[in-house]
Structures are given as structure tokens and as C-alpha cells.
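Here is the structure we will look at, set down as C-alpha cells.
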Amino acid sequence: GPITLVIHGGAGTIKKENMTPERELAYREKLQQALNTGYAVLENGGTSLDAVTETIQILEESPLFNAGRGAVFTSDGKNELDASIMNGATGEAGAVAGVTTLKSPILAARTVMEKSPHVMMAREGAEAFAKEQGLEIVDPSYFYDENRHNQLQKLKENQEKDGTAYLDHHPDYKFG
Amino acid sequence: TVGCVALDAQGNIAAGTSTGGMTNKKWGRIGDSPVIGAGTYADNNTCGVSSTGHGEYFIRYVVAYDIAALMKYKGLSLEEAAKEVVMQKLVEKGGTGGVVALDRQGNVAMPFNTAGMFRGYIKEKDKPMVFIYK
Chain A
629 GPITLVIHGG AGTIKKENMT PERELAYREK LQQALNTGYA VLENGGTSLD
679 AVTETIQILE ESPLFNAGRG AVFTSDGKNE LDASIMNGAT GEAGAVAGVT
729 TLKSPILAAR TVMEKSPHVM MAREGAEAFA KEQGLEIVDP SYFYDENRHN
779 QLQKLKENQE KDGTAYLDHH PDYKFG
Chain B
271 TVGCVALDAQ GNIAAGTSTG GMTNKKWGRI GDSPVIGAGT YADNNTCGVS
321 STGHGEYFIR YVVAYDIAAL MKYKGLSLEE AAKEVVMQKL VEKGGTGGVV
371 ALDRQGNVAM PFNTAGMFRG YIKEKDKPMV FIYK
């Protein structure tokens with residue numbers, strides 16, 4: 629078929645009334661940039677794996693999306709990141725889970741796939757392997773985003789108020 | 271959560287997903303994004319899928335693989351399979367979220383059962399198609 633790329637930046641209570649025109653434009657522009665980046669890889673004969681890795685890194689580096697920079701926070705105020713990748717031609721796959729210092733989790737997942745005998749690696753082990761493979765290691769503060777941190781605080785206040793798992797009342801409210 | 275599925279000039283499909291997870295999650299909680307078959311799946315003979323949503327449901331119902339399996343064993347199209355899993359099976363179980371998917375003919379499916387999903391596709395140079403709301 630024709631070279632094609634499809635992306636998402638997360639699902640949830642994304643409604644027009646909650647979005648300013650400026651913020652909506654910022655999202656549209658970042659998604660377009662990611663699509664154009666991935667398409668350029670494919671157009672120049674690059675593999676689908678390369679296109680996926682490059683496209684997702686654009687979105688990981690943007691604080692607009694819940695991945696990499698701008699990731700949401702755990703209940704104890706940390707960013708724990710997960711990622712996975714799969715090659716449809718060979719069935720090979722790679723994943724990292726619960727990492728806090730790897731600048732690009734998708735690149736780490738691909739490195740697990742291509743440079744280790746494993747599919748999934750987690751937490752400190754995944755970070756030690758990525759470091760050994762020369763991937764960029766950052767301070768956890770690299771992922772910090774004020775809006776996300778405020779989201780966590782607000783959610784905790786709400787939880788204290790109504791004392792129930794906020795998610796039960798708002799299943800569509802994807803905290804991320 | 272962010273995700274991407276690509277079809278290259280050699281007809282190979284790849285899929286990937288990356289996420290910070292869920293706000294206020296307990297430390298150590300893992301969602302569907304790093305779980306092959308739930309958050310990410312790719313097989314040249316059926317499709318590639320990247321998921322986003324309430325991870326616990328996507329893991330338990332093996333959402334990404336389920337879409338490929340419906341194509342492989344029931345002969346559904348990509349559109350039909352993705353819609354059945356996201357708009358029917360998941361909704362019945364109370365799972366919220368969506369997927370983006372792609373097959374080797376270059377067909378695209380982007381169903382979601384939430385109020386919105388940041389999504390888009392590109393099939394021609396400099397013609398990225400981006401959508402946000404229903």
C-alpha cells in the first residue's frame with residue numbers, strides 16, 4: 629500500500645469548551661510536525677520502525693502530551709514512564725516500564741528490542757541497560773511540567789474532599 | 271499517551287506507544303502502553319495498533335492484539351475490527367479510550383469512545399490531517 633503514518637496524542641475529556649484557541653493551535657501544530665517528520669522518513673526510503681521512533685520522539689519532547697516531557701505524576705509526585713515498539717515484519721518487540729531518567733522511552737524500548745534478548749525491561753534494570761547502550765540519561769526534573777503538577781495537586785484535593793477514587797466518578801476523565 | 275503506526279515502502283508495519291501513565295497512579299503501576307498486545311501491536315499480515323486510555327482495561331482485554339485477531343480469524347476489515355473492540359467490547363466493560371491502527375493496504379482507523387482524542391494521519395507529502403474532537 630501507499631506509505632502511511634497514523635498517530636495519537638492521547639484520549640480523554642478533550643472538549644472544545646475546555647480548550648483555548650491558542651492551546652488548540654499548539655496541539656494541531658505539534659501533531660502536524662510529528663506527521664510531517666515521520667512521513668519524511670518514509671518518503672526517503674526509511675523503515676516504518678525509524679518513522680515510529682522519530683515521530684514519537686517529537687511528541688515525547690513536547691510538554692503538551694502525557695509522554696516524556698510533560699508526563700503526568702504518580703501519587704508520590706514522580707514521573708514514571710513506559711513505552712513499547714513492535715516490528716510487524718519480524719514480530720520482534722521491545723518495551724520499558726517505570727523508568728524515570730531515560731530522555732526517550734521509545735528509543736529505550738527499541739534498544740531493548742534490538743540490543744537485548746528481552747522484550748520488556750523495567751525500572752532500574754532498564755535504566756542501567758539503556759545507559760550501557762549509550763542512550764541519553766536526564767535528571768528526572770527534565771520531565772517536570774507545572775500544569776501536570778497542578779493537575780496532581782488538584783486531584784488530591786478533590787480526592788480528600790469526596791474521599792473516593794476520582795476515577796470512579798469520572799471514567800472519561802483520563803488523568804493523563 | 272502518544273502513539274504511532276507506520277507503513278513503509280517495503281510494506282512493513284511498525285507500531286509504538288509512549289506514556290507517563292495516569293495522574294496519581296501508585297508508583298510501580300504499569301498501564302497498557304508497554305504491554306505488547308495491549309497498548310502496542312504490529313503484524314504485517316493484519317495491522318499495527320497503538321492504544322490510549324484506561325490502561326487496566328486495555329491490558330485485560332488485550333485490545334491491540336484483539337483487533338488484529340478479529341481481522342485474522344474473522345476476516346473483519348481494519349475499520350470493522352477496530353470499531354468492534356473500541357466502540358462495543360470496551361464500552362460494554364466500561365473501558366474508556368481509543369486506538370489508531372493501520373493495515374498493509376494503508377487503510378487507517380482511529381476509533382475512540384471518549385469525548386476527544388488527539389489524532390492524525392498522513393498519506394501525502396505536506397498533507398497532515400489532524401483531528402481533536404468527536
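The listed protein sequences derive, respectively, from chains A and B.
Yeah, the first sequence ends on 804 if you go by my numbering, and it's all consecutive.
Yeah, the second sequence ends on 404 if you go by my numbering, and it's all consecutive.
Backbone N, C-alpha and C define an ideal beta-carbon position, used for all residues, glycine too.
Since the model is a prediction, treat every value here as computed from it, not as a measurement.
Check: Does DSSP classify ASP373 of chain B as helix, strand or coil?
Finding: What you label residue 373 of chain B is simply residue 103 of the second sequence in a count that begins at 1. Looking at ASP373 of chain B - three-state DSSP - the assignment turns out to be strand.
Notebook entry, point to check: Which residues in chain B sit within 7 Å of ASN715 of chain A, going by Cβ to Cβ distance?
Noted result: By 1-based counting over the first sequence, the position of residue 715 of chain A is 87. Simply ALA284 and ALA312.
Margin query: Closer than 8 Å between beta carbons: that is the criterion. Which residues of the region 360-372 of chain B meet it against chain A?
Written below: Of all residues in the region 360-372 of chain B, the ones placed with a Cβ closer than 8 Å to any Cβ belonging to chain A are GLY364, THR366, GLY367, GLY368, VAL369, VAL370, ALA371 and LEU372, in chain order.
Notebook entry, point to check: Which of helix, strand or coil does DSSP assign to HIS777 of chain A?
Noted result: Sequence index remark: in the first sequence, residue 777 of chain A carries index 149 (1-based). If DSSP states are grouped into helix, strand and coil, HIS777 of chain A belongs with the helices.
Check: So VAL275 of chain B packs on ALA285 of chain B, CB below 8 Å; how close in whole Å?
Finding: Counting from 1 along the second sequence, the entry for residue 275 of chain B is found at position 5. Counting from 1 along the second sequence, the entry for residue 285 of chain B is found at position 15. The Cβ separation is near 4 Å, so the contact holds.
Check: Do you know offhand how far LEU670 of chain A's Cα is from GLY290 of chain B's?
Finding: Along the first sequence, one-based indexing puts residue 670 of chain A at 42. Along the second sequence, one-based indexing puts residue 290 of chain B at 20. Distance between the alpha carbons of LEU670 of chain A and GLY290 of chain B is about 27 Å.
Check: Going by Cα to Cα distance, which pick from A:ARG651, A:ILE713 and A:GLY726 is closest to THR739 of chain A?
Finding: Here residue 739 of chain A refers to the residue found at position 111 when the first sequence is read from its first residue. Taking each of A:ARG651, A:ILE713 and A:GLY726 in turn and checking the Cα distance to THR739 of chain A, the smallest one comes out for A:ILE713.
Next item on the list: With DSSP collapsed to three states, give me the class of PRO398 of chain B.
Entry: Mapped onto the second sequence, residue 398 of chain B falls at position 128. In this structure, PRO398 of chain B counts as strand in the three-state DSSP scheme.
Next item on the list: With a 10 Å radius around its C-beta and 16 neighbouring C-beta atoms as the bar for buried, classify ASN294 of chain B as buried or exposed.
Entry: If you number the second sequence from 1, residue 294 of chain B lands on position 24. Per the 10 Å Cβ criterion, buried.
Check: Does DSSP classify ALA284 of chain B as helix, strand or coil?
Finding: Residue 284 of chain B sits at position 14 when you count from the first residue of the second sequence. If DSSP states are grouped into helix, strand and coil, ALA284 of chain B belongs with the strands.
Check: Using the beta-carbon count (16 or more within 10 Å), is THR681 of chain A buried or exposed?
Finding: Numbered from 1 along the first sequence, position 53 holds the residue referred to as residue 681 of chain A. With 16 or more other Cβ atoms within 10 Å, it is buried.
Notebook entry, point to check: Hey, is ASP278 of chain B's beta-carbon within less than 7 Å of any beta-carbon in chain A?
Noted result: As a first step, residue 278 of chain B must be located in the second sequence, where it is residue number 8. Yes, ASP278 of chain B counts as interfacial toward chain A.
Notebook entry, point to check: Does the beta carbon of ALA721 of chain A fall short of 6 Å from some heavy atom of the ligand ZN?
Noted result: As presented, the structure is devoid of all ligands, the ligand ZN included, so that no description of it is given.
Margin query: Here's the rule I'm using: 16 or more other beta-carbon atoms within 10 Å means buried, otherwise exposed. How should ILE329 of chain B be labelled?
Written below: Position 59 of the second sequence, counted from the first residue, corresponds to residue 329 of chain B. By the 16-neighbour rule on beta-carbons within 10 angstroms, ILE329 of chain B is buried.
Check: In terms of alpha-carbon separation, which member of A:GLU785, A:ALA758, A:ASP773 and A:GLY716 lies closest to LEU692 of chain A?
Finding: Here residue 692 of chain A corresponds to residue number 64 of the first sequence, with the count starting at 1. Answer by Cα proximity: A:ASP773.
Notebook entry, point to check: Name the chain A residues that come within less than 9 Å of MET387 of chain B, Cβ to Cβ?
Noted result: Here residue 387 of chain B refers to the residue found at position 117 of the second sequence. Correct list: HIS636, GLY637, GLY638, ALA639, GLY640 and ILE642.
Notebook entry, point to check: Is the beta carbon of VAL634 of chain A sitting closer than 7 Å to the one on VAL378 of chain B?
Noted result: For the purposes of this step, residue 634 of chain A is taken as residue 6 along the first sequence, with counting starting at 1. For the purposes of this step, residue 378 of chain B is taken as residue 108 along the second sequence, with counting starting at 1. Yes.
Next item on the list: Could you have a look at ASP800 of chain A and say whether DSSP puts it in helix, strand or coil?
Entry: Within the first sequence, numbered from 1, the residue matching residue 800 of chain A stands at position 172. Bear in mind that a pLDDT of 49 at ASP800 of chain A, under 50, signals an unreliable position, so the number given afterwards is only what the model happens to contain. ASP800 of chain A falls in the coil class under three-state DSSP.
Notebook entry, point to check: Could you give the distance in angstroms between the alpha-carbon of THR632 of chain A and the alpha-carbon of ASP278 of chain B?
Noted result: For the purposes of this step, residue 632 of chain A is taken as the residue at position 4 of the first sequence. For the purposes of this step, residue 278 of chain B is taken as the residue at position 8 of the second sequence. Spanning the two alpha carbons is a distance of roughly 7 Å.
Notebook entry, point to check: Tell me which same chain residues have a C-beta within less than 7 Å of the C-beta of PHE382 of chain B, skipping the five on either side of it?
Noted result: Residue mapping note: residue 382 of chain B aligns to position 112 of the second sequence, counting from 1. Excluding five sequence positions before and after PHE382 of chain B, the CB atoms of its chain that fall closer than 7 Å to its own CB belong to VAL356, GLY367 and GLY368, given in chain order.
Check: Is GLY804 of chain A buried or exposed, if buried means 16 or more other CB atoms sit within 10 Å of its CB?
Finding: As a first step, residue 804 of chain A is located in the first sequence; it is residue number 176 there, counting from the start. Here the model assigns GLY804 of chain A a pLDDT of 42, short of 50, so the residue's position is not dependable, and the following value carries that caveat. The residue in question, GLY804 of chain A, is buried, as its Cβ has 16 or more Cβ neighbours within 10 Å.
Note to self: Would LEU670 of chain A pass as an interface residue toward chain B - the criterion being a Cβ-Cβ separation below 7 Å?
What the structure shows: Here residue 670 of chain A corresponds to residue number 42 of the first sequence, with the count starting at 1. Yes, LEU670 of chain A counts as interfacial toward chain B.
Next item on the list: Just mark THR728 of chain A as buried or exposed, buried being the case when its beta carbon has 16 or more other beta carbons within 10 Å.
Entry: Numbered from its first residue, the first sequence carries residue 728 of chain A at position 100. Result: buried.
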